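Input: a single structure, listed below in structure tokens.
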Amino acid sequence: MNILEKTEIIKNHELTALENLEQYNKEIDRKNSSLNIYLETDYDQARETAVNIDNRIKNGESVGKLAGMVIGVKSNINVEDFHITAASRTLENYLGSYNATVVNRIKEEDGIIIGVTNMDEFAAGSSTETSYFGPTENPAAPGRIPGGSSGGSAAAVAAQICDLSIGSDTGGSIRNPASHCGVMGYKPTYGAVSRQGLLDLAMSLDQIGPFASDAGGIALMLDIMAGFDDRECTTINWELPQFTELTSDAPDSLKGMRLGVVKQFLEVSDEAIVNIIEDSINKMEEAGAEVVELSFDYVDLCLPTYYLINYVEFFSATRKYDGRKYGYKIEDVCGEEVLRRIHIGSYISQKEYSGKYYKKALQARSLIRKEITRLLKDVDSIVGPTVPKLPHKLGTSLEPMEMYAYDTLTVIANLAGIPAASMKAGEVNGIPVGLQFQAKPLEDGKIVQLMAAYEALD
Ligand code: GLN
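Encoded structure:
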């Protein structure tokens, strides 16, 4: 049963919201201690919400679009009364005192927030191993990392311990774990979804987005999450598509779609991954899409540009964690990667008067944005691998640059502010491989259509 069917069944009272919740609760009890996906759950509060929804359905009153859906939230997005730690000791005791805009919207549509999920500390990572609360295990590839930084939210969908979840993506943190866990993950156009209530990693790159096991679930969440927010100055006042309706013409929507394949994206990826992606592209071509080869000359420029900007913005974002208002002083308690970013970010900021690094990174960013915009002019979407390599085994020690290499193909969308998503293309020895779609700013609907179409081909 897919998510849209499930919401109907709950509204018809064939399945109650409480039954749905209890089933997940049982699964959480069975799986969470070994997989380490939820950092905190609140069953009692969730139960109260479920009972209230069921009563309203019984009385013939109207309920929201997410009525009875059980939802996990990354622990850097504020939810009232949950510990919003960003998986850092810094905020170990910080209790969310308000709901982020997206959380309010989910609650207004009768979504049931069951808990907050594990992640890399302050979202600075690609493996969920830097969490102060220990790593999450990949439910789809036992013994391996789930990817990150939203590893818990992706794993929650993969382990079937929620219907839907949300995460944040600054350089790939939704798409990367979606790819490694074999689920769908969506990073909206910058400004399409409100970031109000998100603990920022790098504010010019961060976006909140959904995870789901099917395209209907992604569309449903976007219908609810996207749109202007007068509490957040970077949101765009745009004409919203009806995302769920866009999924209804699958797989016919592939007919006539122009898909761009960037040869350098394949060149930097492992061969086994390339084989799977090429198969997916062939399938879409057979279903009526037109495939064109493209060339992007700046692949090597993307990671240095991204990390430089990330360090500087993160350094600035962490200045509020000085031990006076929230939690501990960050430098006193944080992990190695967070400290590295603070130190380098501080150094670059001090040197900025000479325009040495940051100014150059901003110039490189506009070059990358221009080039990807030029490529997108000619096609409806750029398709390719989400991550160039397979997830490593838990406990393997990686150099920072090896870890950053996971992000090679995802940071471009953040630097350019364009929408991008990942869905499962296949497996290499049982390990999921993700297919990435990228599109022009505010053409989020096209990606949703493509996801629904590709899903319908299987
Ligand atoms: N892995 C990237 C980083 O460490 C992306 C993180 C993210 O998207 N939050 O910055």
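Following the numbering used here, the numbering of the sequence shown begins with 714 at its first residue and continues without gaps. Virtual Cβ for every residue (Gly too), placed ideally from N, Cα, C. Only a predicted model underlies this, so the values are computations on that prediction, with no experimental measurement involved.
Could you give the C-beta distance for P759 and I825, rounded to a whole number, given that I count them as a contact under 8 Å? Counting from one through the sequence shown, the residue named residue 759 turns up at place 46. Counting from one through the sequence shown, the residue named residue 825 turns up at place 112. Reading off the sequence, residue 759 comes out as Ala, not Pro. Rounded, the Cβ-Cβ distance is 5 Å, consistent with contact.
Could you give the residue range of the alpha helix (DSSP H) that holds I732? By 1-based counting over the sequence shown, the position of residue 732 is 19. Before going further, note that residue 732 is Glu rather than Ile in the sequence given. First-last of the alpha helix (DSSP H) with E732: A730 to L748.
Helix or strand or just coil, what does DSSP make of G1147? Residue mapping note: residue 1147 aligns to position 434 of the sequence shown, counting from 1. If DSSP states are grouped into helix, strand and coil, G1147 belongs with the strands.
Endpoints, beta strand (DSSP E) assigned at T1018: By 1-based counting over the sequence shown, the position of residue 1018 is 305. Counting along the chain, T1018 falls outside any beta strand (DSSP E), though it belongs to the alpha helix (DSSP H) covering V1012 to T1031.
Under the three-state DSSP convention, the category S1194 falls into: Residue 1194 is absent from the model: the chain starts at 714 and stops at 1171.
Using only the alpha-carbon positions, how far apart do Y737 and C875 sit? Counted from its first residue, the sequence shown places residue 737 at position 24. Counted from its first residue, the sequence shown places residue 875 at position 162. Looking at the two C-alpha atoms, the distance is approximately 6 Å.
Reduced DSSP category for G865 - H, G, I as helix; E, B as strand; rest coil: Reading the sequence shown from its first residue, position 152 is the one you call residue 865. Helix at G865.
Taking all protein chains shown into account, do 16 or more other C-beta atoms lie within 10 angstroms of the C-beta of Q1172, making it buried, or fewer, making it exposed? The chain is shown only over 714 to 1171; residue 1172 falls outside these bounds and no answer can be derived.
Is the stretch 1084-1100 touching the stretch 1041-1058, taking contact as three or more C-beta pairs under 8 Å? no
Residues bridged to L877 (per DSSP): Stepping through the sequence shown from its first residue, residue 877 is reached at position 164. Checking the DSSP bridge columns, you'll see L877 partnered with I784.
Using C-beta distances below 8 Å, list every residue in its chain close to A763, excluding the 5 sequence neighbours before and after it, in chain order. Sequence index remark: in the sequence shown, residue 763 carries index 50 (1-based). For A763, where only same-chain residues beyond five positions count, the Cβ hits under 8 Å are T729, A730, L731, N733, L734, G781 and I825.
Please tell me whether, using a cut-off of 6 Å, the distance from the CB of D757 to the nearest non-hydrogen atom of ligand 1 is below it. What you label residue 757 is simply residue 44 of the sequence shown in a count that begins at 1. Result no, Cβ not under 6 Å from ligand 1.
Which of helix, strand or coil does DSSP assign to M1114? Locating residue 1114 in the sequence shown gives position 401, where the first residue counts as 1. Under the three-state reduction of DSSP output, M1114 falls in the helix class.
For A1165 and A891, what's the separation of their Cα atoms in angstroms? In the sequence shown, counting from the first residue as 1, residue 1165 sits at position 452. In the sequence shown, counting from the first residue as 1, residue 891 sits at position 178. Using only the alpha carbons, I get a separation of about 16 Å.
Limits of the unbroken alpha helix (DSSP H) element including A925: In the sequence shown, the residue the question calls residue 925 occupies position 212. Going by DSSP, A925 is part of no alpha helix (DSSP H) but of the beta strand (DSSP E) stretching over Q920 to A925.
For A928, the first and last residue of its enclosing alpha helix (DSSP H): The residue you call residue 928 lines up with position 215 of the sequence shown. Here the alpha helix (DSSP H) through A928 covers A928 to M938.
Which residue wins for smallest C-alpha separation from L877, given the options S966, R769, L779 and K744? Here residue 877 corresponds to residue number 164 of the sequence shown, with the count starting at 1. Taking L877 as reference, the option from S966, R769, L779 and K744 with the minimal CA-CA separation is L779.
Within this structure, are the beta carbons of P859 and A867 separated by less than 7 Å? Locating residue 859 in the sequence shown gives position 146, where the first residue counts as 1. Locating residue 867 in the sequence shown gives position 154, where the first residue counts as 1. The answer is yes: Cβ separation under 7 Å.
Helix, strand or coil: which one does DSSP assign to G885? Counting from one through the sequence shown, the residue named residue 885 turns up at place 172. In this structure, G885 counts as coil in the three-state DSSP scheme.
Quick one: Cα of G828 to Cα of G940, how far? What you label residue 828 is simply residue 115 of the sequence shown in a count that begins at 1. What you label residue 940 is simply residue 227 of the sequence shown in a count that begins at 1. Spanning the two alpha carbons is a distance of roughly 24 Å.
Proximity test, D1120 beta-carbon vs ligand 1 heavy atom, cut-off 6 Å: One-based indexing of the sequence shown puts residue 1120 at position 407. Checking every heavy atom of ligand 1 against the Cβ of D1120, one is found closer than 6 Å.
Residues bridged to S1135 (per DSSP): As a position in the sequence shown, residue 1135 is number 422, starting the count at 1. DSSP lists G898 and Q1149 as partners of S1135.
Taking buried to mean at least 16 other C-beta atoms within 10 Å of its own C-beta, is T814 buried or exposed? By 1-based counting over the sequence shown, the position of residue 814 is 101. Counting Cβ neighbours within 10 Å, T814 comes out buried, since at least 16 surround it.
Quick one: which unbroken alpha helix (DSSP H) runs of 4-plus residues sit fully inside the stretch 1040-1127? Chain order, please. Listed in chain order, the complete alpha helix (DSSP H) runs (minimum 4 residues) inside the stretch 1040-1127 are 1043-1046, 1049-1064, 1071-1090 and 1113-1117.
Near T902, what residues of its chain come up, given a Cβ to Cβ distance below 7 Å and the 5 sequence neighbours on each side ignored? Position 189 of the sequence shown, counted from the start, is the residue given in the question as residue 902. The answer, listed in chain order, is G1130, I1131, P1132, P1154, L1155 and D1157.
Taking the Cβ atom as the reference point for each residue, do P1098 and I990 lie within a distance shorter than 7 Å? As a first step, residue 1098 must be located in the sequence shown, where it is residue number 385. As a first step, residue 990 must be located in the sequence shown, where it is residue number 277. It is a contact, given that the beta carbons lie within the stated cut-off.
Nearer than 6 Å: is that true of the beta carbon of D913 relative to any heavy atom of ligand 1? As a first step, residue 913 must be located in the sequence shown, where it is residue number 200. Outside the cutoff, so no.
A800 beta carbon less than 7 Å from that of T830: Position 117 of the sequence shown, counted from the first residue, corresponds to residue 830. Position 87 of the sequence shown, counted from the first residue, corresponds to residue 800. No, Cβ-Cβ distance for T830 and A800 is not below 7 Å.
Nearest-angstrom Cα separation, counted from K900 out to A1083: Within the sequence shown, numbered from 1, the residue matching residue 1083 stands at position 370. Within the sequence shown, numbered from 1, the residue matching residue 900 stands at position 187. Position check: residue 1083 holds Lys in this sequence, whereas Ala was assumed. The straight-line gap from Cα to Cα measures roughly 20 Å.
Using 6 Å as the cut-off, classify the Cβ of N1023 as near or not near the heavy atoms of ligand 1, replying yes or no. Here residue 1023 refers to the residue found at position 310 when the sequence shown is read from its first residue. The answer is yes for N1023.
R818 burial status per 10 Å Cβ neighbour count (16 or more: buried): As a first step, residue 818 is located in the sequence shown; it is residue number 105 there, counting from the start. Here R818 is buried. Its C-beta has 16 or more other C-beta atoms within 10 Å.
Should G1058 be counted as a contact of ligand 1 given a C-beta to heavy atom distance under 6 Å? Walking along the sequence shown from the start, residue 1058 turns up at place 345. For ligand 1, not one heavy atom lies less than 6 Å from the Cβ of G1058.
What is the rounded straight-line gap between the Cα of V1141 and the Cα of D983? As a position in the sequence shown, residue 1141 is number 428, starting the count at 1. As a position in the sequence shown, residue 983 is number 270, starting the count at 1. If I take the Cα positions, the gap works out to 11 Å.
Through-space distance from N988 to V974, alpha-carbon basis: Residue numbering aside, residue 974 sits at position 261 when the sequence shown is read from its first letter. Residue numbering aside, residue 988 sits at position 275 when the sequence shown is read from its first letter. If you draw a straight line from the Cα of V974 to the Cα of N988, it comes to about 14 Å.
For L804: DSSP bridge partner residues: For the purposes of this step, residue 804 is identified with residue 91 of the sequence shown, where counting begins at 1. For L804, which the question treats as bridged, DSSP gives no partner whatsoever.
So, are the CB atoms of T883 and L918 less than 7 Å apart? Counted from its first residue, the sequence shown places residue 883 at position 170. Counted from its first residue, the sequence shown places residue 918 at position 205. The answer is yes: Cβ separation under 7 Å.
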